[in-house]
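I have placed the structure first, in the form of structure tokens, so that the comments after it can refer back to it.
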């Protein structure tokens with residue numbers, strides 16, 4: 001089979017079987033010998049890559065066929081049903097994984113010195129690295145493609161000329177769809193004086209090529225360019241808390257996601273059951289990273305913000321920065337606990353209860369106080385302790401009712417004197433009478449209303465809504481914890497939308513209140529009995545039909561009983577662990593990964609620690625980028641309450657994203673934040689200096705629009721396109737969005753149609769994101785907007801991968817005026 005390779009201009013003959021690629025290239029004399037040799041290498045790799053895609057297609061077809069067979073099969077004993085469900089889940093996951101690795105299936109090759117490859121390759125010193133493992137079943141499962149997470153693939157990321165690990169040559173294979181479009185080779189067996197081990201980078205040519213690639217609005221994986229310090233973190237042990245500290249552009253997010261894929265690969269049985277939770281700072285960020293894990297062959301991970309960790313609740317409201325900071329304090333646990341206790345009340349003196357029939361029962365304060373004390377002594381959550389309180393109050397009401405009933409009966413009887421040998425026969429009402437009275441009182445609406453008043457059954461949403469909209473309740477609960485000015489900051493109008501900072505409070509209340517599921521269990525049991533009775537009737541009808549037709553036929557009941565038939569009618573869940581976890585607030589995960597972890601409040605940490613009692617966590621962030629007033633500047637401070645000093649720190653020190661020209665400017669801001677902090681070292685220069693321009697508050701929107709047009713034109717000329725973000729104070733977001741609406745519409749979205757090429761964002765919404773070009777508007781207002789405003793400026797400056805512009809509407813802060821740099825140079 002022959003075809004014309006349009007990129008190389010060569011006529012290529014490729015064997016359709018591909019197992020041993022037979023590629024013949026007809027050379028054009030107009031092409032130089034090095035170019036011809038390179039084209040021949042590409043053609044040879046194309047043959048192998050095509051064979052791998054053929055194998056991938058075959059694997060997909062097989063998984064699809066087996067899934068269809070499993071879905072079509074029915075009948076059989078319970079064991080067969082369980083096996084059928086397991087097969088359905090297995091083949092569904094396998095098919096999803098195989099479909100997710102279409103792009104960049106094979107990205108690397110290792111040529112080992114003879115005998116150095118630690119893999120069964122029939123003494124072939126060459127292995128290929130890719131997103132998933134593929135094997136030749138007809139040849140004793142000979143590995144055709146090694147999964148990047150397998151131990152034998154580690155030299156692809158770790159080998160250097162100084163420490164080649166048996167690797168003679170490392171090759172990066174660049175593909176577009178199923179076509180090989182380029183190769184980058186590194187020969188690692190050079191003498192010590194012949195290599196450039198600059199910054200210890202592995203695959204430097206491929207890495208820099210990836211860095212120069214324009215952004216599309218979605219995050220790319222780094223699987224083909226992982227560096228040694230990143231690889232060590234990705235493959236660190238599962239257990240315990242691992243903190244990954246890294247400055248802008250060091251690949252923290254990519255490392256965290258690749259770690260999730262690696263852990264799922266190496267601890268699949270453990271983590272597939274409990275799932276992995278990846279927490280990001282905002283929904284924009286989650287959309288940005290959303291395709292990375294599927295492209296690495298993993299589809300069973302739950303992505304969420306902290307504000308999305310309360311099932312059934314949409315936290316779309318916004319708090320003021322002051323209110324969010326207060327809600328994030330650990331002291332809110334005391335406020336909430338007091339709010340719950342405040343709802344457990346006793347009457348001032350006595351409480352009269354008029355039950356059906358007109359009888360008036362009197363409850364005194366002492367009785368209610370005793371009932372409350374007994375309920376609290378159980379240390380159960382509020383709704384579960386309510387039963388103890390209710391039982392005590394009901395017992396007291398029964399005594400009052402029985403005494404009143406006996407008194408009324410005695411009052412109606414004629415007085416008959418007792419003879420000398422007669423004695424009082426005792427109470428007129430026995431235990432059966434007591435049980436009847438108790439049941440009647442428990443069901444009496446007036447009694448139920450009193451119990452609800454004294455010890456109400458509460459939901460977290462109901463209690464928190466009441467607390468934040470009622471001045472008296474909030475003042476009482478916050479007494480001794482918050483100042484009056486602070487608790488008044490939390491007050492809001494009834495019906496307000498839930499906010500992200502409310503979610504940890506709701507989660508805390510869910511723990512304090514508990515859920516009394518007695519009634520739900522009773523309903524499920526009634527439903528089960530009804531389904532079994534229905535199944536009995538169905539079996540009876542079927543047996544009658546069989547007896548009429550043929551008395552020798554095997555009876556239905558011989559192979560199926562009512563219990564099994566009822567079970568088959570139940571809805572069976574095919575949800576993954578991650579999908580089930582999204583519906584269950586009390587779900588605990590096998591591992592939790594948190595990005596931008598420095599932004600979490602103390603209350604946020606409580607939520608996450610409940611989700612992971614094993615404390616198997618990977619936390620990535622940079623305390624120098626903390627922008628939230630509720631965030632932290634110390635990992636030890638937030639982790640010590642939960643794991644003491646049992647956590648380990650790993651640092652990423654190389655900035656792969658931000659050009660040196662931009663990083664020099666950002667470093668001046670970092671020095672203002674904390675002179676002791678060190679910026680990560682940039683590995684490249686863009687040759688484009690950041691620009692600074694001045695505007696006025698009245699004309700800034702029009703000026704920014706003009707400069708956005710100029711930047712888009714520059715991106716098109718230099719890179720053929722790319723993404724641009726305008727980062728601004730909250731007050732300018734609306735006006736700039738309106739001004740740039742036409743520009744955004746004209747620029748359109750990326751190739752997927754989901755991500756805009758031009759974005760207007762506040763800095764908090766840009767965290768974790770990157771763009772080809774960034775224009776930072778009014779950094780002085782950003783710096784003074786919050787207590788950590790300088791951190792936000794630092795974040796804004798380091799979102800760009802190529803071009804940076806700064807628009808001042810006031811005199812520039814010293815760090816951005818060039819004065820500090822000049823004075824430091826002079827000093």
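Numbering (the UniProt record's numbering), first residue to last: 1 to 827. C-beta atoms are modelled at their ideal positions from N, C-alpha and C, and glycine is treated no differently.
Residues in the same chain with beta-carbon distance under 6 angstroms from residue i, minus the five sequence neighbours each way, listed in chain order, please.
| i | result |
| --- | --- |
| residue 330 | 602 |
| residue 478 | 335 and 487 |
| residue 692 | 806 |
| residue 186 | 170 |
| residue 812 | none |
Rounded to whole angstroms, what is the Cα-Cα separation between residue i and residue j?
| i | j | result |
| --- | --- | --- |
| residue 810 | residue 736 | 18 angstroms |
| residue 272 | residue 593 | 15 angstroms |
| residue 224 | residue 148 | Caution applies to residue 224, whose pLDDT of 47 falls short of 50 and renders its modelled position unreliable; the model cannot decide the point. |
| residue 445 | residue 461 | 25 angstroms |
| residue 667 | residue 679 | 6 angstroms |
| residue 710 | residue 720 | 14 angstroms |
| residue 303 | residue 165 | 36 angstroms |
| residue 315 | residue 498 | 5 angstroms |
| residue 254 | residue 501 | 27 angstroms |
| residue 169 | residue 39 | 18 angstroms |
| residue 529 | residue 508 | 36 angstroms |
| residue 138 | residue 230 | 37 angstroms |
| residue 788 | residue 252 | 21 angstroms |
| residue 470 | residue 103 | 56 angstroms |
| residue 472 | residue 466 | 10 angstroms |
| residue 312 | residue 506 | 12 angstroms |
| residue 438 | residue 380 | 24 angstroms |
| residue 146 | residue 172 | 14 angstroms |
| residue 738 | residue 332 | 39 angstroms |
| residue 767 | residue 249 | 12 angstroms |
| residue 269 | residue 578 | 14 angstroms |
| residue 769 | residue 732 | 20 angstroms |
| residue 652 | residue 66 | 44 angstroms |
| residue 378 | residue 510 | 18 angstroms |
| residue 673 | residue 604 | 25 angstroms |
Looking only at DSSP bridge pairs, what is residue i linked to?
| i | result |
| --- | --- |
| residue 792 | Partner(s): none; residue 792 has no beta bridge. |
| residue 136 | 142 |
| residue 655 | 682 |
| residue 109 | 128 and 171 |
| residue 179 | 176 |
| residue 186 | 170 |
| residue 692 | 806 |
Would you mind stating whether residue i and residue j have Cβ atoms separated by less than 9 angstroms?
| i | j | result |
| --- | --- | --- |
| residue 740 | residue 705 | yes |
| residue 724 | residue 773 | yes |
| residue 588 | residue 614 | yes |
| residue 386 | residue 374 | no |
| residue 256 | residue 764 | no |
| residue 881 | residue 650 | An answer regarding residue 881 cannot be provided, because it is not within the stretch 1 to 827 covered by the chain. |
| residue 590 | residue 259 | no |
| residue 152 | residue 46 | no |
| residue 276 | residue 648 | no |
| residue 235 | residue 174 | no |
| residue 346 | residue 454 | yes |
| residue 183 | residue 51 | no |
| residue 490 | residue 468 | yes |
So, at 7 angstroms on beta carbons, what are the nonlocal neighbours of residue i in its own chain, with the 5 sequence-adjacent residues on each side left out?
| i | result |
| --- | --- |
| residue 458 | 343, 382, 383 and 513 |
| residue 84 | 70 and 73 |
| residue 676 | none |
| residue 661 | 685, 686, 688, 689 and 690 |
| residue 496 | 317 |
Quick one: residues in its chain with C-beta nearer than 8 angstroms to the C-beta of residue i, no 5 flanking neighbours on either side, listed in chain order?
| i | result |
| --- | --- |
| residue 623 | 245, 598, 632, 633, 634 and 635 |
| residue 337 | 512 |
| residue 360 | 352, 353 and 354 |
Looking at the C-beta of residue i, does it have a partner C-beta in chain B at a distance below 9 angstroms?
| i | result |
| --- | --- |
| residue 112 | Absent here is chain B; the protein component of the structure consists of one chain. |
List the whole-angstrom C-beta distance separating residue i from residue j, where the pair is believed to meet the contact cut-off of C-beta under 8 angstroms.
| i | j | result |
| --- | --- | --- |
| residue 339 | residue 176 | With 8 angstroms as the limit, residue 339 and residue 176 do not qualify as a contact, their Cβ atoms being about 59 angstroms apart. |
| residue 167 | residue 110 | 6 angstroms |
| residue 98 | residue 60 | 5 angstroms |
| residue 758 | residue 743 | 6 angstroms |
| residue 305 | residue 278 | With 8 angstroms as the limit, residue 305 and residue 278 do not qualify as a contact, their Cβ atoms being about 10 angstroms apart. |
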